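What follows is one structure encoded as structure tokens, with my remarks underneath.
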Amino acid sequence: MSGKVVYSVCAMCGARCPIQVQVEGGECKFIQGNLHASGIKGALCARGVSGLSLVEDRDRPQFPMLRQGGRGEGKWKRISWDEALDLAASKLEAARIQHGGKSILWSDCGGPHADLRHALCRALGSPNYTAAESACAANVHHAALSLFGFDRDRLVYDYRRAKAVVLQTFNPFEAIDVKEVNELLDGIQSGARLTVIDVRASVTAGKADRFLMIRPGTDYALNLAVINLLLTRELYDAKFAAAWIKPEDLEALKAFAAPYTPEYAQAETGIKAEEIIALAEELAKAAPAVIWHPGGNASRYNDSFHLARSAYIINALLGSIGSKGGLPLLVRPRHLGRQGLKRFLDLFPQPEEKRADGVGSTLPQFAGGPGLLHLAFKAMASGNPYPLKAYVVYNHDPLKSYPEPDKLKKALEKMDFLLCVTPTWTEIAWQADLVLPLSPHLERESALAQRNGLKPTFQMRARCVDPRFDTKPDWEIFTGLASRLGVSELTFDSIKDIWAWQLQGTGYSLADFEEKGFVELVDKPVFRSMEVYKFPTASEKIELVNPKWEAQGLVSLAPYVQKAPVPKGSFRLTLGRCPVHTVSYTQNNRLLNEMMPDNELWMNYDIGRRMGIHDGAEVEVKSNGHGGRVKARLSEFIHPEAVFMVRGFGHDLDVETRARGRGLAETQLMPGGLDKFDKAGGGLALQEYVVRVMRL
Ligand SMILES: Nc1nc2c(c(=O)[nH]1)N[C@H]1C(S)=C(S)[C@@H](COP(=O)(O)OP(=O)(O)OC[C@H]3O[C@@H](n4cnc5c(=O)[nH]c(N)nc54)[C@H](O)[C@@H]3O)O[C@H]1N2
Ligand SMILES: Nc1nc2c(c(=O)[nH]1)N[C@H]1C(S)=C(S)[C@@H](COP(=O)(O)OP(=O)(O)OC[C@H]3O[C@@H](n4cnc5c(=O)[nH]c(N)nc54)[C@H](O)[C@@H]3O)O[C@H]1N2
Ligand code: SF4
Ligand SMILES: [Mo]
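Just so you know, we're using my numbering here: the sequence shown kicks off at 1 and counts up by one.
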């Protein structure tokens with residue numbers, strides 16, 4: 001092919017896979033996974049490919065827009081970038097001067113390219129940098145923190161060398177990260193036994209050696225039974241326990257787990273006791289090359305924090321924490337005696353003000369991390385602990401990804417200034433005072449990203465084609481704001497200057513990225529030794545009982561609370577992903593909309609037929625008087641107590657011409673949802689809803 005190959009990074013979801021794009025005459029002709037990246041193998045998912053259709057998409061915001069009418073009225077005036085950046089800077093400055101930097105709330109999609117933005121938020125003196133974590137993985141993060149003293153991303157999943165893998169509430173063959181999919185397939189090919197625990201037969205379940213269909217919301221009972229078996233049958237790794245678990249904690253765990261026999265779990269979960277015993281025995285044989293995945297999006301139930309803890313505890317009992325084929329420790333450049341990318345964030349002191357969401361103050365057990373956005377919304381509505389006055393939203397839509405959008409819209413009225421930086425229309429952007437249109441990833445560069453793992457890597461997002469409309473890359477927007485706000489440390493004239501600054505002291509230069517678009521700091525995976533390792537907890541061991549949590553009256557070993565059976569005609573609402581859409585981002589994408597324009601409500605075939613519901617028939621779904629209509633999809637392969645919906649549908653903005661009016665928004669089914677929150681884990685409980693389904 002003529003033209004050139006540009007190496008870059010996908011941004012159609014948070015996985016940020018390395019890609020390569022064939023560019024000819026200023027157009028993207030072909031896109032694939034970066035062939036040099038060993039975990040990618042040239043592959044991309046459908047959403048990655050659909051990045052191409054964003055380029056010419058006229059449904060997206062095409063120039064900076066200033067609100068004219070009331071919030072959400074949709075009256076806009078086109079302004080120039082200079083005017084837009086001047087205005088944004090002056091509004092942020094006004095908030096800072098009148099109410100302090102802390103009055104600025106920032107929410108962001110996060111991810112490995114976020115350093116520059118996070119640094120700007122800090123430079124403004126705001127402690128309130130957040131991401132959608134409390135609707136995603138906060139419970140897993142905090143489970144890891146409470147046991148190991150570090151975040152969940154400090155452990156890697158070594159699928160390739162695993163002998164047994166358990167995926168629970170986790171569906172990686174549809175909730176895709178290309179590298180993870182490839183590594184898991186490699187592991188399976190090398191003989192790893194795969195167990196999938198799900199309420200329905202997902203694509204991942206289709207690849208399992210053992211599929212356990214579980215009653216929705218009862219997973220914790222299952223895990224406690226597995227812990228019980230490992231301890232009572234002495235299937236656990238006594239050497240690992242002696243090294244890393246305090247004897248009194250192990251005793252406490254034994255006593256705690258004693259009532260949770262396999263028979264108890266069978267009665268709760270519907271999974272046969274023999275199956276549970278067989279699983280525990282199989283894992284003990286495969287140990288320590290075992291992965292019991294603690295879950296991705298764990299904002300589901302009241303006990304999701306404890307479920308994630310129990311998964312980690314099972315790994316610890318099997319000795320797989322820190323082990324090859326299990327969950328080895330993350331490797332950073334410094335573990336290799338190398339210097340990582342220089343961080344913009346480190347240029348600014350951490351603001352002394354307390355966070356508006358209470359993380360680190362009224363919630364002292366949580367530290368660092370991206371905060372708890374739903375609690376920041378509470379602060380926005382109440383003005384407590386202090387008034388929030390300006391809200392910056394980057395690549396994220398809390399009006400689709402958090403429950404109770406109407407409540408949130410009301411709180412937004414209190415903002416003096418709402419700024420949205422986005423490549424596509426979002427509900428929140430529609431409410432904004434100022435919309436800054438971001439160039440989609442194929443049209444922009446971003447600051448370099450450091451990907452830690454078994455092979456630390458620096459990756460570069462390069463521009464494949466020039467911006468189509470009057471849009472700008474992220475770095476231009478944020479350095480433009482920085483220069484106007486007098487933040488000289490973040491004022492750069494070109495992306496090359498930014499990259500060169502980040503690379504200072506690393507031993508690499510820009511030329512090193514030409515060949516592949518990334519640089520790996522080592523050739524082979526590195527496994528850190530556990531011999532000399534100390535966990536960063538008070539006891540330097542794994543804290544099955546964590547004093548910080550206990551001091552807050554939060555029990556570390558929490559009893560399982562039985563799930564009541566659902567009444568006839570009612571179901572537990574379960575949610576998830578499909579392979580061709582990203583959260584609420586892609587429903588209006590031309591290619592993906594063609595593949596899947598609507599979501600459906602999965603329900604059990606026999607139950608549906610008994611209710612007189614046909615496959616494909618429209619049904620009414622209601623939760624406490626809230627709800628809407630959606631098509632039923634009858635399946636033999638879903639638990640009779642569950643219904644399941646792919647999330648992110650039900651868009652109603654006129655500007656989203658393809659997605660508008662298609663499917664049902666699951667957030668309609670979560671009345672009171674912003675308050676269903678677990679103080680121990682920080683995550684929302686987005687699946688604690690019983691819905692009624694009615695034939696029309
Ligand atoms: N295609 C695609 N891939 C994605 C994303 C995307 O939007 N689209 N998003 C990315 C993000 S942000 C995340 S956090 C991850 C999420 O990744 P996952 O958490 O794996 O995704 P989900 O589909 O939400 O949930 C996984 C499974 O949990 C099952 N489940 C629901 N309730 C229960 C229950 O009570 N018990 C059990 N055992 N199972 C249950 C669902 O049926 C579903 O198959 O995916 C990432 N990858
Ligand atoms: N009810 C309910 N709520 C949920 C979930 C659920 O399953 N059910 N899942 C939760 C989870 S796991 C997560 S991670 C959050 C996600 O919450 P969000 O981050 O808000 O979800 P997205 O739909 O990925 O992003 C929203 C918008 O940001 C822009 N955008 C986001 N990421 C990118 C990007 O990388 N590149 C570009 N170019 N634009 C981007 C797009 O305009 C997109 O429409 O939602 C959570 N909320
Ligand atoms: S998993 Fe798919 S959408 Fe996500 S970054 Fe990779 S290719 Fe893009
Ligand atoms: Mo997520």
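Every residue, glycine too, gets a C-beta built ideally from N, C-alpha and C. Since the model is a prediction, treat every value here as computed from it, not as a measurement.
> Does DSSP classify C45 as helix, strand or coil?
Replying inline: As a first step, residue 45 is located in the sequence shown; it is residue number 45 there, counting from the start. Reduced to three states, the DSSP call for C45 is coil.
> Got a sec? Which residues, its chain only, sit under 8 Å from L327 by beta carbon, not counting five neighbours each side?
Replying inline: Taking the first residue of the sequence shown as position 1, residue 327 is located at position 327. If we look at L327 and ignore the five residues flanking it on each side, its Cβ neighbours are L155, V156, Y157, D158, I291, N315, S320 and I321.
>> My parser needs the beta strand (DSSP E) runs of 3 or more residues fully inside the region 46-93; what are they?
In response: 65-67 and 76-78
> Where do the N-terminal and C-terminal ends of the alpha helix (DSSP H) with E618 fall, by residue?
Replying inline: Along the sequence shown, one-based indexing puts residue 618 at 618. Here E618 belongs to no alpha helix (DSSP H); instead the beta strand (DSSP E) covers E618 to S623.
> CB of C464 to nearest heavy atom of ligand 4: below 7 Å?
Replying inline: To locate residue 464, count along the sequence shown from 1; it is residue 464. Checking the Cβ of C464 against ligand 4 gives no.
> Can you give the beta carbon distance from R16 to L592, rounded, assuming they're within the 8 Å contact cut?
Replying inline: Taking the sequence shown and counting its residues from 1, the one referred to as residue 16 is at position 16. Taking the sequence shown and counting its residues from 1, the one referred to as residue 592 is at position 592. Actually they do not touch by this definition, with Cβ atoms about 18 Å apart.
> Do P172 and ligand 1 come close, with the Cβ less than 7 Å from some heavy atom?
Replying inline: As a working note, residue 172 is residue 172 in the sequence shown. Yes, since a heavy atom of ligand 1 falls inside the 7 Å radius drawn around the Cβ of P172.
>> With DSSP as the reference, identify every bridge partner of F30, one or two as the case may be.
In response: Numbered from its first residue, the sequence shown carries residue 30 at position 30. Q22.
> Between the C-alpha atoms of A617 and N128, what's the straight-line distance to the nearest angstrom?
Replying inline: Here residue 617 is taken as the residue at index 617 of the sequence shown, counted from 1. Here residue 128 is taken as the residue at index 128 of the sequence shown, counted from 1. When rounded, the distance between both Cα atoms is 46 Å.
> What residues match up with L710 in a beta bridge as DSSP calls it?
Replying inline: An answer regarding residue 710 cannot be provided, because it is not within the stretch 1 to 696 covered by the chain.
> Who does T574 pair with in a DSSP beta bridge?
Replying inline: Sequence index remark: in the sequence shown, residue 574 carries index 574 (1-based). In the DSSP output, where bridge partners are listed per residue, T574 has F644.
> Where does A447 sit, in a helix, a strand or coil, going by DSSP?
Replying inline: Counted from its first residue, the sequence shown places residue 447 at position 447. If DSSP states are grouped into helix, strand and coil, A447 belongs with the strands.
> DSSP on K631, reduced to helix/strand/coil?
Replying inline: As a position in the sequence shown, residue 631 is number 631, starting the count at 1. It is a strand residue.
> Does the Cβ of P423 lie closer than 7 Å to at least one heavy atom of ligand 1?
Replying inline: Translated into the one-based positions of the sequence shown, residue 423 becomes position 423. Because no heavy atom of ligand 1 lies under 7 Å away, the Cβ of P423 does not count as near it: no.
>> With distance defined between alpha-carbon atoms, name the residue in A144, A137, N228 and V522 nearest to T457.
In response: What you label residue 457 is simply residue 457 of the sequence shown in a count that begins at 1. Comparing Cα positions, the closest option is V522.
> So, Q708 versus H651, is the Cβ gap smaller than 8 Å?
Replying inline: In the structure as shown, the chain begins at 1 and stops at 696. Residue 708 is therefore absent and cannot be evaluated.
>> With distance defined between alpha-carbon atoms, name the residue in K389, A308, R444 and G625 nearest to F148.
In response: Taking the first residue of the sequence shown as position 1, residue 148 is located at position 148. Out of K389, A308, R444 and G625, A308 has the C-alpha closest to the C-alpha of F148.
>> With H, G and I counted as helix, E and B as strand and the rest as coil, what does DSSP make of Y391?
In response: Taking the sequence shown and counting its residues from 1, one reaches residue 391 at position 391. Three-state result, Y391: strand.
> Which term fits A289, buried or exposed, when burial requires 16 or more other beta carbons within 10 angstroms of its beta carbon?
Replying inline: As a first step, residue 289 is located in the sequence shown; it is residue number 289 there, counting from the start. The residue is buried, with at least 16 neighbouring Cβ atoms inside 10 Å.
>> Tell me the rounded alpha-carbon separation between P262 and A137.
In response: Sequence index remark: in the sequence shown, residue 262 carries index 262 (1-based). Sequence index remark: in the sequence shown, residue 137 carries index 137 (1-based). Here the alpha carbon of P262 sits roughly 28 Å from the alpha carbon of A137.
> M603 and G569 look like a contact to me (Cβ under 8 Å); what is the Cβ gap, rounded to whole Å?
Replying inline: Indexing the sequence shown from 1 puts residue 603 at position 603. Indexing the sequence shown from 1 puts residue 569 at position 569. By a beta-carbon distance limit of 8 Å, M603 does not contact G569. Their separation comes to about 11 Å.
> Taking DSSP as the reference, what is the three-state secondary structure of E353?
Replying inline: Residue mapping note: residue 353 aligns to position 353 of the sequence shown, counting from 1. Of the three classes helix, strand and coil, the one that applies to E353 here is coil, per DSSP.
> Roughly how many angstroms separate the alpha carbons of K239 and L318, rounded to a whole number?
Replying inline: One-based indexing of the sequence shown puts residue 239 at position 239. One-based indexing of the sequence shown puts residue 318 at position 318. The straight-line gap from Cα to Cα measures roughly 10 Å.
>> Looking only at its chain, what residues have a beta carbon closer than 7 Å to the beta carbon of H142, apart from the 5 residues adjacent to it on each side?
In response: The sequence position of residue 142 within the sequence shown is 142, counting from 1. Excluding sequence neighbours, H142 sits near F305, F366, G681 and G682.
> Whose beta carbon lies closer than 6 Å to any heavy atom of ligand 5, going through the chain in order?
Replying inline: Looking for ligand 5 in the displayed structure turns up nothing; the ligands present are ligand 1, ligand 2, ligand 3 and ligand 4.
> Taking the DSSP output, what are the residues bridged to E520?
Replying inline: Locating residue 520 in the sequence shown gives position 520, where the first residue counts as 1. DSSP output for E520 lists T457 as bridge partner(s).
> Whole alpha helix (DSSP H) runs in the region 167-241 with 4 or more residues, listed along the chain?
Replying inline: Qualifying alpha helix (DSSP H) stretches, in chain order: 178-189, 203-206 and 219-232.
> Skipping 5 residues on each side, what residues in its chain have a beta carbon closer than 8 Å to that of E540?
Replying inline: The sequence position of residue 540 within the sequence shown is 540, counting from 1. Same-chain partners within the cutoff: K534.
> Start and end of the alpha helix (DSSP H) containing W501?
Replying inline: On the sequence shown, position 501 is the one that residue 501 refers to. Note, W501: alpha helix (DSSP H), I495 to L503.
> Quick one, are the C-beta atoms of E620 and R647 less than 8 Å apart?
Replying inline: As a working note, residue 620 is residue 620 in the sequence shown. As a working note, residue 647 is residue 647 in the sequence shown. No, the Cβ-Cβ distance between E620 and R647 is not below 8 Å.
> So, helix, strand or coil for K472, using DSSP?
Replying inline: For the purposes of this step, residue 472 is taken as residue 472 along the sequence shown, with counting starting at 1. If DSSP states are grouped into helix, strand and coil, K472 belongs with the strands.
> Taking DSSP as the reference, what is the three-state secondary structure of H36?
Replying inline: In the sequence shown, counting from the first residue as 1, residue 36 sits at position 36. Looking at H36 - three-state DSSP - the assignment turns out to be coil, as it is neither helix nor strand.
>> Once the 5 residues before and after P597 are set aside, which same chain residues still bring their CB inside 7 Å of it?
In response: Translated into positions along the sequence shown, residue 597 becomes position 597. Once the five neighbours on either side are set aside, the close Cβ partners of P597 are R662.
> In terms of residue numbering, what span does the alpha helix (DSSP H) encompassing T269 cover?
Replying inline: By 1-based counting over the sequence shown, the position of residue 269 is 269. T269 -> alpha helix (DSSP H) spans P262 to T269.
>> On the criterion of 16 or more Cβ atoms from any shown chain inside 10 Å, does N171 qualify as buried, or is it exposed?
In response: Position 171 of the sequence shown, counted from the start, is the residue given in the question as residue 171. Buried, since its Cβ has 16 or more Cβ neighbours within 10 Å.
> Once you ignore the five residues that flank S635 on each side, which residues in its own chain have a CB closer than 8 Å to its CB?
Replying inline: Within the sequence shown, numbered from 1, the residue matching residue 635 stands at position 635. If we look at S635 and ignore the five residues flanking it on each side, its Cβ neighbours are R200, A201, W602, M603, N604 and Y605.
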